[in-house]
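This note's numbering applies: residue 2 is where the sequence shown begins, and numbers increase by one.
All C-beta atoms, glycine included, are put in the ideal place defined by N, C-alpha and C.
Right, one structure below, let's go through it.
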Amino acid sequence: MNALPATPLHLPQSGLGLSTSAPATAATASASGLLLRYGQHTVLDGLDWQLHPGQVVGLLGRNGAGKTSLLESLLGLRALQAGTVTLFGCAPERLDDSLRARIGYVPQRSDLFDWLTPRQLLQYFRSFYPRWNTAKADGLMSRWALPPDTPIARLSGGEQQRLAIVRALAPDPELLVLDEPVASLDPAGRRDFLRELVEQVLDRGTTVVFSTHILSDLERVAFQVAFMARGRIVLQAPLDELMDSTRRLSGPAAAVRLHLAQHGLQALPGPLPTAAATGRVQLLARGDHTAELPADVEASPVTLEDLFMGLTA
């Protein structure tokens, strides 16, 4: 797949089951009932998802969970067996150039036309974007010390990744989709990128979704987290609220279940270890944990890694 096509974002002119009607909500992007299979392997299994203006959503899932397939399907770059997608209230294959220009996309592997220099590449793409922010592009090129006149083929992997990010941020997009954007960057590069991402959201109210396997980076910037497992988004919530409201409960199964029921706590999806011989269980529970615990039930705070391991198992 050519990640940097001759148009700002080359979305297909036809698609299977993609709606042309605007959703009832004001979602920037909406997916409903997405089904994607490869042979006997189901990648997306009736997946529903919405992204709203100004949201920054970190997409988490195990390797092979289908994160890339989901992001590409959201942009109309994968042929689905079923389901509907809308972007700015329009089906991907019906987007005109003005709507395409409102989308920024950094794929996991960027094809950067490596016979060009960075200066030539940015000049080429500038012609497709009415709101191209030359000052932003020049500032990022300078701050990230990208050589403007060196052939892209001679840039390091990290430099090429930075250039792909510059190309995506320069048009001041309203929807920014990033698939493992920091995978090739060193810690300093990741920190600089995350700073730019936050500024983009604060300045323009951009909707941002990015997949990453670096949990510490996600904790710095994501306002919301979405956990993907078994072909679906199993939970999406504000990160701070999720961390504050979730505890790991352990104890006799009957006592834990009674405590959940009495205090309206929600057991989060995903298996945790159970000691069959003793009847003790562990689970992640979300809600108000101010009530006194039974003597034989224990509660402990959770980390983002705990949530990831539990929800994506």
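Measure the C-alpha to C-alpha separation of A268 and I166 and round it to an integer number of angstroms.
The residue given as residue 268 occupies position 267 in the sequence shown. The residue given as residue 166 occupies position 165 in the sequence shown. Going from the Cα of A268 to the Cα of I166 covers about 38 Å.
In the DSSP assignment, find the beta strand (DSSP E) that holds R249 and state where it starts and stops.
Here the question's residue 249 lines up with position 248 in the sequence shown. Note, R249: beta strand (DSSP E), 247-253.
With distances taken Cα to Cα, identify the nearest neighbour of A30 among D218, S185, L71, A286.
The residue given as residue 30 occupies position 29 in the sequence shown. When only C-alpha atoms are compared, the closest one is L71.
Could you tell me the distance, in whole angstroms, from the CA atom of A300 to the CA atom of W50?
On the sequence shown, residue 300 is found 299 positions in, with the first residue counted as 1. On the sequence shown, residue 50 is found 49 positions in, with the first residue counted as 1. So the two alpha carbons sit approximately 31 Å from each other.
Given a threshold of 16 other Cβ atoms within 10 Å of its Cβ, counted over all protein chains shown, does E306 qualify as buried or as exposed?
Reading the sequence shown from its first residue, position 305 is the one you call residue 306. Label assigned to E306: exposed.
Can you tell me which of the three DSSP states P239 falls into?
As a first step, residue 239 must be located in the sequence shown, where it is residue number 238. Three-state result, P239: strand.
Please identify the residue among T304, G55, A255 whose C-alpha is closest to the C-alpha of G247.
The count along the sequence shown starts at 1 and reaches residue 247 at position 246. The question names Gly, yet the displayed sequence has Thr at residue 247. The option with the nearest alpha carbon to T247 is T304.
At a cut of 8 Å, does the region 85-93 reach the region 145-153 through at least three beta carbon pairs?
With a cut-off of 8 Å, the region 145-153 and the region 85-93 do not count as touching, because too few Cβ pairs lie within range.
In chain order, what residues of the same chain lie with their CB nearer than 7 Å to the CB of D256, ignoring the 5 residues before and after it?
Translated into positions along the sequence shown, residue 256 becomes position 255. It should be pointed out that residue 256 corresponds to Ala in this sequence rather than to Asp. For A256, where only same-chain residues beyond five positions count, the Cβ hits under 7 Å are P295, D297, V298.
Could you give the residue range of the alpha helix (DSSP H) that holds G40?
Taking the first residue of the sequence shown as 1, we reach residue 40 at position 39. Counting along the chain, G40 falls outside any alpha helix (DSSP H), and DSSP gives it neither H nor E.
Have a look at L308 and F224 and give me their C-alpha separation to the nearest angstrom.
In the sequence shown, residue 308 corresponds to position 307, counting from 1. In the sequence shown, residue 224 corresponds to position 223, counting from 1. Each residue's Cα considered, the two are about 16 Å apart.
Who are the near neighbours of R127 in its chain, counting only those whose CB is closer than 6 Å to its CB and skipping five residues on each side?
Indexing the sequence shown from 1 puts residue 127 at position 126. Result list for R127: W133, in chain order.
So if DSSP puts A230 in a beta bridge, which residue, or which two residues, is it bridged to?
As a working mapping, residue 230 is identified with position 229 in the sequence shown. A230 is bridged to R233.
Put Y106 into one of helix, strand or coil per three-state DSSP.
If you number the sequence shown from 1, residue 106 lands on position 105. Three-state result, Y106: strand.
Residues in its own chain within less than 7 Å of A28 by CB, not counting five upstream and five downstream?
Counting from 1 along the sequence shown, the entry for residue 28 is found at position 27. Here the set comprises Q51, L52, H53.
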